[in-house]
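In my numbering, the protein residues as written are 862 to 926.
A virtual CB, placed ideally from N, CA and C, is assigned to each residue, including glycine.
What follows is a short report on a single structure.
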């Protein structure tokens, strides 16, 4: 899920989040093996700020857990 917007006239930003493997699916096809994928979360944010009429400074960060 991502939310993006602008602040002021020219500053753009976004915030996103993802949640993977919430039902912990099995990896192995063999019935006797109970190997499952772990749940994980990802969050990312970013901002784009003009530095001149032709240039922009873009910053972003990702977090994985």
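About 5 Å separates the CB atoms of residue 923 and residue 905; that is less than 8 Å, so the two are in contact.
Between the alpha carbons of residue 885 and residue 877 lies a gap of roughly 22 Å.
CA-CA distance, residue 870 to residue 926, rounds to 34 Å. With contacts defined as CB atoms closer than 8 Å, residue 919 and residue 874 fail to qualify as a contacting pair.
Sequence-distant partners of residue 864 (beyond 5 residues in either direction) whose C-beta falls short of 7 Å from its own C-beta, in its chain, are 875 and 876.
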